[in-house]
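Input: a single structure, listed below in structure tokens.
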Amino acid sequence: MADSAANGVEISNEDPLIFYHGRWDRAPGTWWASSGLKLNIDGLQSLTLRLGENTTSPSVPVGFSLDYEPFVTVNISTGSNSIPLKDISSTKRNEKSSVLRITSQGWQDNRMNLESIVLNSGAKLLPYTPSKLAFQVIGDSLSAGQYLEQGVLQAWPALTAEFFKSEVNVNAQPGAALTVLSALPASSS
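If you count by the working numbering, then the sequence shown holds residues 3 to 191, one letter each, in order.
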């Protein structure tokens, strides 16, 4: 539910129109690479993210994409973070509504604790319609984007999702491995 804020419209982290993806806890917070949210916003001119004290200090790198353009990295921290929308290009910027994608891109030290979102006065949050195609990736360093400049945003799961214009959830961290155990019958001799 949106409330009036001094400089715009404040959106609670519990607003049902926020489309969360990835792994989030009840705070809501996430430390998983590729977790984030998507917002469909009518009349977007300014955006501030308010993050809680459980956000990685001094900052966490987060990718922002407006209208499905390439992601731009912005380092955000505990407190109010005014997002420089002028630096996040969009060829569709003249349209009335915009889709804003926000993704935690780091593979380590990337905890983001979302308290609220503040939009400019007159902006309105609309329902986001997810793609009918979605990928779930469980992986390790290659999936989490370890050592890549934009982290998970340059790793194969995100590139695959961009190619297919799909949704993606990545559960990955360096050093993790998927092991399949099976019980074999004991041999008789």
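Glycine is no exception: its CB is placed at the ideal position from the N, C-alpha and C atoms. Remember, predicted model here, so these are calculated numbers, not experimental data.
- Message: Please report the distance separating the alpha-carbon of Ile43 from that of Gly10.
- Response: 13 Å
- Message: For Ser99, tell me which candidate among Ala174, Gly81, Pro132 and Lys126 has the shortest Cα-Cα distance.
- Response: Lys126
- Message: Measuring straight from C-alpha to C-alpha, what distance separates Pro86 and Asn56?
- Response: 23 Å
- Query: Thinking C-alpha only, which one of Ala157, Trp26, Tyr130 and Ser123 is nearest Asp142?
  - Reply: Ala157
- Message: When you compare the segment 98 to 115 with the segment 59 to 74, are there three or more beta-carbon pairs, one atom per stretch, that lie closer than 8 Å?
- Response: yes
- Message: Considering Cα atoms alone, identify which of Thr50, Gly147 and Asp89 is closest to Ser82.
- Response: Thr50
- Task: Could you pull out every residue in the same chain whose Cβ sits closer than 6 Å to the Cβ of Ser84, ignoring the five residues on either side in sequence?
- Result: Thr50
- Query: Can you tell me where the beta strand (DSSP E) with Leu46 in it begins and where it stops?
  - Reply: Neither: Leu46 is in no beta strand (DSSP E) and is coded neither H nor E.
- Message: On a Cα-Cα basis, can you pick out the residue from Ser133, Ala146 and Asn173 that is closest to Phe166?
- Response: Ser133
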